Amino acid sequence: AAKHGGRGGFRFFSRELLQAAEQRKTLEEDLHDALERGQFALHYQPMVEARTNTVSGAEALLRWNHPTIGLVAPASFIGIAEESKLICRIGEWVLRKACADAAAWPGPLRIAVNVSPVQFIEPGFPALVANALAASGLAPERLELEITEGVFLAGSSTTEATFNALKSLGVRLALDDFGTGYSSLAYLKSAPFDKIKIDQSFVRGATVDGARNRAIITAIVALARALDMETTAEGVETFDQLDMVRGLEVSHVQGYIYARPMPEAEFLANATQADWGIEPSGYARQRYD
Ligand code: C2E
Ligand code: MG
Ligand code: MG
Ligand code: MG
Numbered sequence: 310a311a312k313h314g315g316r317g318g319f320r321f322f323s324r325e326l327l328q329a330a331e332q333r334k335t336l337e338e339d340l341h342d343a344l345e346r347g348q349f350a351l352h353y354q355p356m357v358e359a360r361t362n363t364v365s366g367a368e369a370l371l372r373w374n375h376p377t378i379g380l381v382a383p384a385s386f387i388g389i390a391e392e393s394k395l396i397c398r399i400g401e402w403v404l405r406k407a408c409a410d411a412a413a414w415p416g417p418l419r420i421a422v423n424v425s426p427v428q429f430i431e432p433g434f435p436a437l438v439a440n441a442l443a444a445s446g447l448a449p450e451r452l453e454l455e456i457t458e459g460v461f462l463a464g465s466s467t468t469e470a471t472f473n474a475l476k477s478l479g480v481r482l483a484l485d486d487f488g489t490g491y492s493s494l495a496y497l498k499s500a501p502f503d504k505i506k507i508d509q510s511f512v513r514g515a516t517v518d519g520a521r522n523r524a525i526i527t528a529i530v531a532l533a534r535a536l537d538m539e540t541t542a543e544g545v546e547t548f549d550q551l552d553m554v555r556g557l558e559v560s561h562v563q564g565y566i567y568a569r570p571m572p573e574a575e576f577l578a579n580a581t582q583a584d585w586g587i588e589p590s591g592y593a594r595q596r597y598d
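Take any residue in the sequence shown, count from 1 to its spot, add 309: that is its number in full-length UniProt numbering.
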C-alpha cells in the first residue's frame with residue numbers, strides 16, 4: 310500500500326503512531342491510581358516438574374484491567390511504572406497478594422514473583438519480603454523471587470547485601486530470562502540463585518536453528534547442575550519442544566503447552582487434581598486423543 314498509494318500509506322502509518330503515542334499517554338496518566346482503584350489482578354501460570362509431570366507451583370503474572378482499554382499486558386506498563394518508581398508500590402501489592410494467595414494453597418506448591426530491578430535495589434526490599442511472609446504466614450521456602458540481570462546492571466552498592474538478606478530469610482531466588490542480555494557468568498558466581506530460567510528464545514529456536522540452540526540449552530543445564538541449581542524452560546508451546554527440553558533434562562517446564570496464565574481459582578482446580586498431575590493441553594491433547 311505504501312508503494313502504490315504513497316500518501317495514503319503514510320497517513321495510515323502516522324495515524325497508527327499517533328494512536329500508539331496517545332495510548333501510552335493514557336496509560337501513563339491512569340497508572341497512578343490504578344492500584345487504589347483495584348484495577349490490578351494476578352494470573353497464575355503453572356510451573357511443571359519435567360520428570361514427574363506434576364505442578365510444583367505457579368508464577369504470578371500481573372494484569373491491569375483498564376476501564377476503557379481492557380486487559381493490558383505487563384510489557385505495556387511495567388516500563389512506565391519503573392520510570393516513575395510507581396513500580397515499588399505496585400510490586401509491593403504483587404508480593405503481598407501473591408504470598409497471601411499461596412499461603413492457602415496445598416503445602417508444597419511454590420509461588421514465583423517477578424521483582425523489578427528498581428524495586429530490588431530499594432534499601433527496604435528485604436524487610437518488605439520478610440513482612441509479606443509474616444503477614445501471610447507463607448513458609449519462606451515456598452516463595453521464589455524472579456530477578457533479571459537488570460539488577461546487576463543497576464550497579465547498586467546494596468545488591469550483595471540484599472542477596473544475603475534474602476537468602477537468610479530462606480526464600481528462593483531464580484534468574485529470569487537467562488541467555489538474553491549480557492548473561493555474564495559472574496552473576497551466577499556472585500549471587501546465590503536456586504534456579505535458572507532459560508529464555509523462551511532458545512526453546513523457540515531449538516526447532517528452527519536446532520543444533521545450536523540445543524547445544525546452548527545443554528550447556529546451561531550442565532552449568533546449573535554443577536552449581537546445584539534447578540532449570541526452567543520458558544515458553545514451551547508444542548509437544549516437540551516439550552520432548553526436546555525433557556530430553557535435555559531441564560528440571561521444570563512452563564508454557565502454553567500446559568497452560569496459559571489464569572485466574573487463581575482455575576489454577577487451583579488444575580493443580581489439585583488427584584495426583585496434582587497436569588495434562589499438556591492444546592497441541593498435545595490433539596496429538597494423543
Ligand atoms: P517473564 O517473567 O519472563 O514471564 C513469562 C512471560 O511469558 C509471561 O508474559 C507469560 O505469559 C509468557 N508465556 C508463558 N508461557 C508462554 C508460551 O508458551 N508462549 C509465549 N509466547 N509466552 C509465554 P506476561 O505475563 O505478558 O509478562 C511479561 C513480562 O512482564 C514478564 O516476563 C515479567 O518480566 C513482567 N512481569 C509480569 N508480571 C510482573 C510483576 O508482577 N512484576 C514485575 N516487575 N514484572 C512483571
Ligand atoms: Mg518471570
Ligand atoms: Mg522469563
Ligand atoms: Mg521477562
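Heads up, the beta-carbon is just placed ideally off N, CA and C, and yes, glycines get one too.
Computed from a predicted model, the values in this text were never measured in an experiment.
Would you list the one or two residues that DSSP bridges to Gln354? Your numbering for residue 354 matches position 45 in the sequence shown. Gln354 pairs with Glu368.
How big is the Cα-Cα spacing for Val559 and Thr540? For this step, residue 559 is matched to residue 250 along the sequence shown. For this step, residue 540 is matched to residue 231 along the sequence shown. For the pair Val559 and Thr540, the Cα-to-Cα distance works out to about 6 angstroms.
Determine, using beta carbons only, whether Ala483 and Asp503 come nearer to each other than 8 angstroms. Numbered from its first residue, the sequence shown carries residue 483 at position 174. Numbered from its first residue, the sequence shown carries residue 503 at position 194. The answer is yes: Cβ separation under 8 angstroms.
Near Gly564, which residues of its chain fall below 6 angstroms by C-beta distance, leaving aside the five closest residues on each side in sequence? Numbered from its first residue, the sequence shown carries residue 564 at position 255. Result list for Gly564: Gly544, Val545, Glu546, in chain order.
Quick check: what's the CA-CA separation for Pro355 versus Phe461? Numbered from 1 along the sequence shown, position 46 holds the residue referred to as residue 355. Numbered from 1 along the sequence shown, position 152 holds the residue referred to as residue 461. About 28 angstroms.
Three-state secondary structure assigned by DSSP to Glu558: For the purposes of this step, residue 558 is taken as residue 249 along the sequence shown, with counting starting at 1. Glu558 falls in the coil class under three-state DSSP.
What are the boundary residues of the beta strand (DSSP E) that Glu543 is part of? Mapped onto the sequence shown, residue 543 falls at position 234. Careful: Glu543 lies outside any beta strand (DSSP E) and carries neither H nor E.
Could you have a look at Gly379 and say whether DSSP puts it in helix, strand or coil? As a first step, residue 379 is located in the sequence shown; it is residue number 70 there, counting from the start. Correct three-state label for Gly379: strand.
Between the Cα of Glu338 and the Cα atoms of Leu395, Ser425, Val357, Arg372, which residue gives the shortest distance? In the sequence shown, counting from the first residue as 1, residue 338 sits at position 29. When only C-alpha atoms are compared, the closest one is Leu395.
In the DSSP output, what is Ile507 paired with across the bridge? Taking the sequence shown and counting its residues from 1, the one referred to as residue 507 is at position 198. Paired residue(s): Phe487, Ala542.
If you draw a straight line from the alpha carbon of Asp584 to that of Phe548, how long is it in whole angstroms? As a first step, residue 584 is located in the sequence shown; it is residue number 275 there, counting from the start. As a first step, residue 548 is located in the sequence shown; it is residue number 239 there, counting from the start. Because the pLDDT of Asp584 is 45, which lies under 50, any placement of that residue in the model is unreliable, and the number read from its coordinates should be weighed accordingly. Approximately 22 angstroms, taken between the alpha carbons.
For Leu475 versus Val427, is the C-beta distance shorter than 8 angstroms? Along the sequence shown, one-based indexing puts residue 475 at 166. Along the sequence shown, one-based indexing puts residue 427 at 118. Inclusion of Leu475 and Val427 in the CB contact set at 8 angstroms is not warranted, their separation being larger than that value.
DSSP three-state assignment for Glu453, whether helix, strand or coil: Sequence index remark: in the sequence shown, residue 453 carries index 144 (1-based). Here DSSP, grouped into helix, strand and coil, assigns Glu453 to strand.
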